[in-house]
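Note sheet for the following structure.
In full-length UniProt numbering, the protein residues as written are 1 to 485.
In structure tokens form, the structure reads like this:
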């Protein structure tokens with residue numbers, strides 16, 4: 001009898017202890033999203049691989065959204081981990097998945113259709129949706145003018161939502177949504193006449209219009225809208241509250257404005273600047289730096305005129321130039337490259353030329369041994385501009401097209417594909433402004449050819465006003481316009 005009573009007492013104590021343990025366990029709250037980010041030491045962000053959001057160039061990772069979200073990660077004291085989505089539907093679906101991204105930073109505009117999936121942050125950039133057409137074709141002036149046109153927009157985008165609403169008013173309006181393209185592809189398709197119209201936001205047009213000379217704004221479709229970040233739907237506001245605090249602070253302390261000025265407050269000028277301007281600069285600027293080009297070219301065993309041509313393409317021989325991305329100096333070195341090349345002051349023309357010469361030869365020496373001259377020089381120039389990783393991507397594409405990956409004439413056909421989603425999605429390093437290195441190399445070759453001609457022994461010292469004997473260089477100022485500077 002006594003044994004049974006003792007057993008019952010032990011069982012009761014065990015059940016009581018178990019119950020208390022389960023009760024206490026239920027009272028322990030799961031860590032919030034913000035707490036998990038800080039515990040892991042990593043902010044996982046999903047974005048788009050595009051010029052206005054995130055891509056890699058010769059400076060490394062860059063893009064408006066990338067820089068802004070990097071500031072946020074720094075503010076939290078954690079590392080940034082970026083992943084890219086192939087399309088907008090994939091991007092939205094990824095939020096909230098276990099071990100997945102906790103934040104989407106991709107130039108998103110809030111959408112009623114998406115509010116069941118996500119919650120949006122405070123706004124950080126104001127944009128205007130714009131209808132884009134090809135110059136020389138009839139220009140639509142209002143929504144009714146969209147009827148009967150071949151229109152394509154990004155699948156799942158706010159622009160697709162706008163067209164869906166317009167279709168209720170104009171049943172004859174037809175359009176295609178595609179997840180196989182990005183904004184750059186849409187602008188190119190309008191530029192080449194493959195489609196009649198597209199819709200893009202004003203900031204993305206500003207970044208890319210210079211590459212597509214035929215695209216024009218037909219009209220603004222609706223009012224300005226705000227771009228926002230997004231987090232998964234739910235009751236956990238910890239991360240969203242921290243995001244809003246950060247964006248409000250970035251607005252007040254000027255961080256947002258500085259990024260806007262860097263990425264959208266300029267118009268890039270590519271291509272040959274004009275024979276007249278080059279002739280003028282041969283006389284006025286090159287003599288100041290010629291001895292440095294010759295000195296460091298001798299050290300690095302490279303033609304000084306090639307270095308001078310690089311310097312002119314990069315800065316027009318102006319030692320105090322700073323680009324929108326913070327690249328500085330006569331040879332336009334990044335801070336990281338300058339440090340690696342032993343340059344302490346990028347604005348010192350002597351140091352800049354020294355660093356540029358050393359860096360160019362380093363790139364050239366690291367190229368695959370199968371690439372021979374003169375192609376090796378053109379490949380090195382392309383890598384100097386766009387980065388060795390993107391150059392290798394273009395060589396890989398050339399191989400797939402059964403072209404010669406060691407010949408510049410073949411690889412330069414592939415480089416522009418790095419700006420087209422159907423191609424760069426197949427590459428290791430993703431999106432790049434692949435047309436830029438093609439222009440970069442072509443321009444430098446022209447400058448180099450002219451420098452080679454005017455520095456022949458019989459012409460040394462003759463490049464002066466009234467005595468300019470350079471083939472293809474017109475010393476007369478153009479009558480219809482001032483030379484581009």
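All residues carry an ideal CB built from backbone N, CA and C; glycine is no exception.
Those residues which DSSP pairs with residue i across a bridge
i	result
residue 241	Partner(s): none; residue 241 has no beta bridge.
residue 79	42
residue 363	The partner list for residue 363 (beta bridge, DSSP) is empty, contrary to what the question assumes.
residue 54	49 and 50
residue 184	In the DSSP output, where bridge partners are listed per residue, residue 184 has none listed.
residue 152	176
residue 126	226
residue 554	Because the chain spans 1 through 485 in this model, residue 554 falls outside it and cannot be assessed.
residue 255	DSSP lists no partner for residue 255.
residue 120	230
Member of the options whose CA lies at the smallest distance from the CA of residue i
i	options	result
residue 47	107, 366 and 299	107
residue 143	60, 200, 114 and 173	173
residue 215	279, 130 and 114	130
residue 202	441, 57 and 263	263
residue 419	160, 42 and 57	57
residue 30	135, 88, 85 and 236	236
residue 123	385, 427, 249 and 341	249
residue 298	320, 358, 221 and 386	358
residue 111	219, 100 and 165	165
residue 304	197, 356 and 253	356
residue 238	451, 259 and 32	32
residue 498	364, 223, 289 and 97	Residue 498 lies beyond the stretch modelled for the chain, which goes from 1 to 485, so this question has no answer here.
residue 103	169, 240 and 196	240
residue 192	211, 200, 199 and 180	211
residue 152	175, 432, 373 and 162	175
residue 438	454, 450 and 387	387
residue 321	295, 337, 348 and 296	348
residue 283	336, 454 and 51	454
residue 281	315, 253 and 292	315
Beta-carbon proximity of residue i to residue j, cut-off 7 Å
i	j	result
residue 45	residue 78	no
residue 370	residue 406	yes
residue 63	residue 53	yes
residue 400	residue 411	no
residue 182	residue 155	no
residue 441	residue 378	yes
residue 319	residue 307	no
residue 228	residue 120	yes
residue 220	residue 141	no
residue 67	residue 259	yes
residue 421	residue 179	no
residue 246	residue 75	yes
residue 157	residue 88	yes
residue 190	residue 134	yes
residue 317	residue 285	yes
residue 361	residue 302	yes
residue 381	residue 444	yes
residue 414	residue 398	yes
residue 408	residue 375	yes
Whole-number beta carbon distance between residue j and residue i, since they are thought to touch under 8 Å
i	j	result
residue 506	residue 232	Residue 506 lies beyond the residue range present for the chain, which begins at 1 and ends at 485; the question has no answer from this structure.
residue 224	residue 126	5 Å
residue 150	residue 196	4 Å
residue 217	residue 132	6 Å
residue 243	residue 72	7 Å
*Within the chosen definition, does the stretch 311–319 reach the stretch 341–352 through at least 3 CB pairs nearer than 8 Å?*
The answer is yes - the stretch 341–352 touches the stretch 311–319, with three or more Cβ pairs under 8 Å.
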